[in-house]
Amino acid sequence: MPKIYLDHSATTPLHPEVKKAMEPYLTEFFGNPQSLHSFGEPAKKAIEEARHKVAQLIGAKTEEIYFTASGAESNNFAIKGIAWAYQEKGNHIITSAIEHFSILYPTKTLSKWGYEVTQIPVDKFGVVNPDDVRKAIKKTTILISIMHANNEIGTIEPIKEIAQIALDYGIPFHSDGVATVGQVPVKVSDLGVSSLSLAGHTFYGPKGAAALYLKKGTRIMPLIEGGIQEGGRRGGTENVAAIVGLGKACELAEQEMEKRIQQQKHLRNRIIQELPTKIDRVYLTGHPEKRLPGHASFCIEFIEGEAMLLLLDDEGIAAASGSACTSKALKASHVLLALGIDHALAQGSIVFTLGEDNSDSDIDTLLVKLPPIVDRLRQMSPLYAKFKKGEKLEGDKECIPKK
Amino acid sequence: MYSEKVMEHFRNPKNVGEIEDADGIGEVGNPVCGDMMTFYIKVKDNRLTDVKFKTFGCGAAIAVSSMVSEMAKGKTIEEALKITNQMVAQELGGLPPNKLHCSNLGADALHKAIEDYLNKKGGEGAKGAKT
Numbered sequence: 018m019p020k021i022y023l024d025h026s027a028t029t030p031l032h033p034e035v036k037k038a039m040e041p042y043l044t045e046f047f048g049n050p051q052s053l054h055s056f057g058e059p060a061k062k063a064i065e066e067a068r069h070k071v072a073q074l075i076g077a078k079t080e081e082i083y084f085t086a087s088g089a090e091s092n093n094f095a096i097k098g099i100a101w102a103y104q105e106k107g108n109h110i111i112t113s114a115i116e117h118f119s120i121l122y123p124t125k126t127l128s129k130w131g132y133e134v135t136q137i138p139v140d141k142f143g144v145v146n147p148d149d150v151r152k153a154i155k156k157t158t159i160l161i162s163i164m165h166a167n168n169e170i171g172t173i174e175p176i177k178e179i180a181q182i183a184l185d186y187g188i189p190f191h192s193d194g195v196a197t198v199g200q201v202p203v204k205v206s207d208l209g210v211s212s213l214s215l216a217g218h219t220f221y222g223p224k225g226a227a228a229l230y231l232k233k234g235t236r237i238m239p240l241i242e243g244g245i246q247e248g249g250r251r252g253g254t255e256n257v258a259a260i261v262g263l264g265k266a267c268e269l270a271e272q273e274m275e276k277r278i279q280q281q282k283h284l285r286n287r288i289i290q291e292l293p294t295k296i297d298r299v300y301l302t303g304h305p306e307k308r309l310p311g312h313a314s315f316c317i318e319f320i321e322g323e324a325m326l327l328l329l330d331d332e333g334i335a336a337a338s339g340s341a342c343t344s345k346a347l348k349a350s351h352v353l354l355a356l357g358i359d360h361a362l363a364q365g366s367i368v369f370t371l372g373e374d375n376s377d378s379d380i381d382t383l384l385v386k387l388p389p390i391v392d393r394l395r396q397m398s399p400l401y402a403k404f405k406k407g408e409k410l411e412g413d414k415e416c417i418p419k420k
Numbered sequence: 002m003y004s005e006k007v008m009e010h011f012r013n014p015k016n017v018g019e020i021e022d023a024d025g026i027g028e029v030g031n032p033v034c035g036d037m038m039t040f041y042i043k044v045k046d047n048r049l050t051d052v053k054f055k056t057f058g059c060g061a062a063i064a065v066s067s068m069v070s071e072m073a074k075g076k077t078i079e080e081a082l083k084i085t086n087q088m089v090a091q092e093l094g095g096l097p098p099n100k101l102h103c104s105n106l107g108a109d110a111l112h113k114a115i116e117d118y119l120n121k122k123g124g125e126g127a128k129g130a131k132t
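Sequence order for the protein chains is A and B. Numbering-wise, our numbering puts 71 at position 54 of the first sequence, and it's gapless, one number per residue. Numbering-wise, our numbering puts 12 at position 11 of the second sequence, and it's gapless, one number per residue.
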């Protein structure tokens, strides 16, 4: 059975050219980039070339790129590092209700350490209103962090407007760009952010290499001390091969981006338009237009996401879900709840994220395979039985409207 | 993630459905907790002659429902009341730690259906005594 991968926001396959670029640094050029001898030199050079390529992709200066090991590390670095660096100026942090856990958890930790955190709510499409950010600003605000796009619902946030507000007040502004960098055009000077996270494994680079863009003049405290690497801001011997891979992935992303966007948009639109014609009571989550080109996410009523994923996997199709049962903590996705979706509907979350390897025939297969799975699970569902009998469903709030 | 036995019961659950003239119905859970199960039983001569269920939930919840229905079918009321969540999890070849609560729900829903049956029967018995 041919396998169909529709979970590219979890991770992407390694591009063959990225693999090729990495290989010499796993074998021949094993030297420590910090060594002064001839073994260290090619590794050092390769890292600096990669830094240049990352900078190119996002329109930054080379010296504004700091390599880390993951998107989560980049986000932790920005939140904790900037909050610490500016603590004599204040202790208030503004973020949104739909951030990734690698933003939410560090802000929670900081709130235990005496920082004050304001979470801006979102509308039913998951959009942050820039005015709400402006209103939340206090004299003590030292950091604003709003993600560029949400990985669960695909919504792209009005970062430019929010960054302008932060700039007007002279407050550092971080954006989690893990879902956008390498997928859609992202230029830091255009967005006006002070810092931005990115991770290579979401755009055909390797796992284990990510970066934080930090605008010159923005202060930050290191999370990992004790090394001279990354200008002393991030200690630890560099993961040379992965960093080289990240650089190559950035180079390819720049070349391929337009083509990738067009192809993914086409497939995404097919899912969004055709799925509701095959399944009733399926609701698109996130913004209908302002969304990632390869992102189609839904809540399918009366059934649960994990069961859908397992049955889809039996058909060779890989997808994701934000249902309570798929999460380790068994809690419904904070993102879906923030949109005003109730717990029962959030259980039916399913997320398809597309990539280079997907084709029209993959979507044809999905559209054939998913409806019987939904039907099978609904036949088992007491909620569906109640709905069919016209009984009022307990705690069932109005669903978000389809556009 | 799941044992083969769990996957088998999830892929081909036994006894899915409702019993129109059920002698007892037990409903547990709610969508906020994640899962919801409804069990229907038919009783004759103190034995569960038929057990059916409907479940809204994950793979584990569906597998647990199917396993509980199989374990309970043909048992006496007393025997069925002795089915515990540990027994269900064990029969399924184990469940991931964070899914053990699903096995609680399964046994609970069955016991609730039996309780419902006993309550109804108790009511009828009282009526019978009057005439």
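Glycine included, every Cβ here is placed at the ideal spot set by N, Cα and C. Every value quoted in this text rests on a predicted model; they were computed, and no experiment measured them.
Touching or not, the segment 23 to 34 of chain A and the segment 205 to 224 of chain A, by the rule of three or more beta carbon pairs under 8 Å?
-> yes
Any contact of the segment 246 to 262 of chain A with the segment 113 to 120 of chain A, i.e. 3+ C-beta pairs under 8 Å?
-> no
Would you call the segment 3 to 21 of chain B and the segment 63 to 78 of chain B in contact, with 3 or more CB pairs under 8 Å?
-> yes
Only counting runs of 4 or more residues, tell me where the alpha helix (DSSP H) segments fall wholly within the segment 98 to 165 of chain A, in order along the chain.
-> 118 to 129, 147 to 153
Round the Cβ separation of residue 27/B and residue 321/A to the nearest angstrom and send it over; I've been treating them as touching at under 8 Å.
-> The pair is not a contact, with the Cβ atoms about 20 Å apart (cut-off 8 Å).
Quick check: the segment 81 to 88 of chain B against the segment 103 to 115 of chain B, are there 3 or more CB pairs under 8 Å?
-> yes
Which word fits residue 36/B, buried or exposed, when buried means at least 16 other C-beta atoms lie within 10 angstroms of its C-beta?
-> buried
Spell out the partners DSSP gives residue 53/B in its beta bridges.
-> 41/B
In chain B, what lies closer than 8 Å to residue 331/A by C-beta?
-> 12
For residue 313/A, which of 74/A, 199/A, 239/A, 169/A has the nearest alpha-carbon?
-> 169/A
List the endpoints of the continuous alpha helix (DSSP H) containing residue 294/A.
-> 257 to 295
Residue 350/A versus residue 70/B - alpha carbon distance | 31 Å
Out of 324/A, 67/A, 295/A, point me to the one whose CA is closest to residue 267/A's CA.
-> 67/A
Which chain B residues sit within Cβ distance under 9 Å of residue 136/A?
-> None at all; the shortest Cβ gap to chain B is about 21 Å.
Quick one: does residue 397/A have its CB under 9 Å from some CB of chain B?
-> yes
In DSSP terms, what residue 191/A is bridged to | 162/A, 212/A
Of the residues 7/B, 43/B, 120/B, 66/B, which one's Cα is nearest the Cα of residue 397/A?
-> 66/B
Using a Cβ cut-off of 9 Å, which residues of the segment 381 to 396 of chain A contact any Cβ in chain B, in chain order?
-> 394, 396
Between 45/A, 364/A, 328/A, which lies nearest to residue 392/A when the distance is taken from Cα to Cα?
-> 328/A
Taking DSSP as the reference, what is the three-state secondary structure of residue 11/B?
-> helix
What separation, rounded to the nearest whole angstrom, lies between the Cα atoms of residue 8/B and residue 68/B?
-> 11 Å
Are the beta-carbon atoms belonging to residue 128/A and residue 164/A less than 9 Å from one another?
-> no
Using a cut-off of 7 Å between C-beta atoms, extract the partners of residue 280/A located in chain B.
-> Neighbours of residue 280/A on chain B: none; closest Cβ ~32 Å, over 7 Å.
Excluding the 5 residues preceding and the 5 following residue 340/A in the sequence, name in chain order all residues of the same chain whose CB lies nearer than 8 Å to its CB.
-> 321, 322, 323, 349, 350, 363, 364, 365, 366
Compile a chain-ordered list of the residues in the segment 310 to 323 of chain A whose CB is closer than 9 Å to at least one CB of chain B.
-> 319, 320, 321, 322, 323
Three-state secondary structure (DSSP) of residue 28/B = strand
Rounded to whole angstroms, what's the CA-CA distance from residue 35/A to residue 224/A? Just pull it up for me.
-> 12 Å
Verify the CB distance criterion: does residue 162/A have a CB-CB separation below 9 Å to chain B?
-> no
Proximity test, Cβ basis, 9 Å: residue 402/A and chain B = yes
Could you work out which residue in 117/B, 62/B, 52/B is closest to residue 89/B when comparing CA atoms only?
-> 62/B
Sequence-distant residues of the same chain with beta carbon closer than 7 Å to residue 277/A, five excluded per side = 373
On the three-state DSSP scale, how would you describe residue 46/B?
-> coil
Interfacial residues, the segment 49 to 81 of chain B to chain A, with Cβ spacing under 7 Å | 55, 56, 57, 58, 59, 60, 63
Using Cβ-Cβ distances below 9 Å, what residues of the segment 19 to 41 of chain B are close to chain A?
-> 19, 28, 31, 32, 33, 34, 35, 36, 37, 38, 39
Taking residue 345/A as the query, report the chain B residues whose CB atoms sit under 8 Å from its CB, ordered along the chain.
-> 99
Please report the Cβ distance between residue 298/A and residue 318/A, rounded to the nearest whole angstrom; I am assuming they are in contact, meaning their Cβ atoms lie under 8 Å.
-> 4 Å
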